[in-house]
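*Asks:* Numbering (full-length UniProt numbering), first residue to last: 15 to 251.
Quick one: the structure is below, questions incoming.
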Amino acid sequence: ETAPAFLSVWNMESYYGESYIVQNITFNVHEGEILALLGRNGAGKTTTLRSIARMDSPQVTKGEIWLDHQPLHTMSSHQAASVGIGLVPEDRCIIPGLTVEENLQLAQIAPPVGWSLERLYDLFPRLAERRKQEGVTLSGGEQQMLAVARALARDLKVLLLDEPYEGLAPVIVDEIEKTLRIIKEQGITTVIVEQNAVRALELADRAVILDTGSIVFDGTAAEVLENEELRSEYLAI
Ligand code: ATP
């Protein structure tokens with residue numbers, strides 16, 4: 015690999031309260047790539063995503079995070095969002111009292127604005143049908159679609175997905191996977207954290223595996239799928 019990394023995490027260390035949760039976290043993601051960030055419960059996957067998105071907690075105490083030559087490690091979460099980081103948290107955070115369309119419009123209030131409503135509805139026809147429905151009354155799969163659409167409504171460079179398939183029926187997972195492939199074709203870079211490791215590996219180009227807060231594997235998704243030892247030791251699949 016000779017292409018320069020688009021998103022680069024170098025020697026990152028983060029903690030909640032008093033203990034370090036992730037340490038020595040170094041990995042690269044190339045532009046337009048899908049990276050699966052995997053590992054057992056509590057390995058530090060969510061912590062890593064939240065650190066990249068510059069959320070108030072955990073605290074990043076060491077290391078550097080670069081996005082397209084910009085130092086994320088010096089930024090607030092708002093600044094990180096404005097340079098193109100979009101975190102879709104596990105609970106999806108749909109805003110109560112607002113319709114689907116209002117949830118999307120709210121994301122477009124401040125520049126830089128990303129995809130138009132028309133383009134978003136094209137990608138997610140279910141959201142178009144339900145544009146006047148209150149967002150929190152959507153099904154789990156539809157809420158996941160709304161959360162991804164809302165990230166695209168900003169000028170997005172890197173989509174950080176935390177457990178997007180959680181609690182969803184396989185047919186809905188298929189539908190979301192299809193849209194994630196389309197989003198990739200549009201040049202967006204994705205980091206996906208997923209308990210459903212097989213589904214994530216089928217989608218991803220590369221994989222990073224975390225175990226108790228450190229990286230134990232960095233390679234292609236195909237290598238993980240083929241490596242039974244790795245799968246059973248760190249992913250229980
Ligand atoms: P899961 O798949 O269970 O979500 P994960 O790999 O995403 O796991 P993290 O959520 O990053 O793991 O958690 C890593 C460690 O940090 C765990 O031991 C967890 O208990 C701890 N942790 C997470 N959030 C907090 C918090 N707000 N305060 C203190 N410790 C936390």
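We put the beta carbon where it would ideally sit given N, CA and C, even for glycine.
Sort S33, D136 and G98 by Cα distance to F20 and report the nearest one.
*Replies:* G98
*Asks:* Mark A110 as exposed unless 16 or more other C-beta atoms lie within 10 angstroms of its C-beta, in which case mark it buried.
*Replies:* For clarity, residue 110 is Pro in the given sequence; the question names Ala instead. Its Cβ having fewer than 16 others within 10 Å, P110 is exposed.
*Asks:* I need the boundaries of the alpha helix (DSSP H) containing S117, first residue and last residue.
*Replies:* A small fix is needed here, since residue 117 is Asn in this sequence, not Ser. Its alpha helix (DSSP H) spans residues V114 to A121.
*Asks:* Within 7 Å: the Cβ of I35 and any heavy atom of the ligand ATP?
*Replies:* yes
*Asks:* Starting from K76, trace the alpha helix (DSSP H) in both directions and tell me its first and last residue.
*Replies:* K76 -> not in any alpha helix (DSSP H); beta strand (DSSP E) instead, spanning Q73 to L81.
*Asks:* What separation, rounded to the nearest whole angstrom, lies between the Cα atoms of G201 and A218?
*Replies:* 14 Å
*Asks:* Between the Cα of H92 and the Cα atoms of V114, T75 and A121, which residue gives the shortest distance?
*Replies:* Minimum Cα distance to H92 is reached at A121.
*Asks:* Just to confirm the assignment, what range does the alpha helix (DSSP H) spanning D188 have?
*Replies:* P184 to E199
*Asks:* Throw me the rounded Cβ distance for the A114 and G149 pair, which I believe falls under 8 Å.
*Replies:* Here the sequence assigns Val to residue 114, which means Ala is not the residue at that position. Confirmed, Cβ separation roughly 5 Å.
*Asks:* Please determine whether the Cβ atom of V205 lies at a distance below 7 Å from any heavy atom of the ligand ATP.
*Replies:* no
*Asks:* Give the DSSP-derived three-state secondary structure of T226 in the structure shown.
*Replies:* coil
*Asks:* Could you work out which residue in A214, I108, F138 and S96 is closest to A50 when comparing CA atoms only?
*Replies:* A214
*Asks:* Quick check on this structure: which residue in F231, N241, L239 and V238 has the alpha carbon closest to the alpha carbon of T40?
*Replies:* F231
*Asks:* Pick out whichever of L81, K146 and V36 has its Cα sitting closest to the Cα of T62.
*Replies:* Closest by alpha carbon: V36.
*Asks:* Taking contact to mean 3 or more Cβ pairs, one atom from each stretch, closer than 8 Å, check whether the segment 127-147 and the segment 163-174 are in contact.
*Replies:* As far as the Cβ criterion goes, the segment 127-147 touches the segment 163-174, which means the pair count is three or higher.
*Asks:* Quick check: is any heavy atom of the ligand ATP less than 7 Å from the C-beta of Y30?
*Replies:* yes
*Asks:* Does the beta-carbon distance from Q157 to E180 come in below 8 Å?
*Replies:* no
*Asks:* State yes or no: is the C-beta of V207 within less than 8 Å of the C-beta of L175?
*Replies:* yes
*Asks:* Might you give, ordered along the chain, the residues of its own chain that have their beta carbon closer than 6 Å to the beta carbon of T16, omitting 5 neighbours on each side?
*Replies:* With a pLDDT of 49 at T16, under the threshold of 50, the modelled position of this residue cannot be trusted; read the value that follows with caution. Answer for T16: no residue qualifies.
*Asks:* Sorry if obvious, but does the Cβ on A124 come closer than 7 Å to a heavy atom of the ligand ATP?
*Replies:* no
*Asks:* Tell me whether K146 is buried or exposed, calling it buried when 16 or more other Cβ atoms sit within 10 Å of its Cβ.
*Replies:* K146 is exposed by the Cβ-count criterion.
*Asks:* Anyone know if the C-beta pair for V102 and L182 falls short of 8 Å?
*Replies:* In this structure, L182 does not lie closer than 8 Å to V102 by Cβ.
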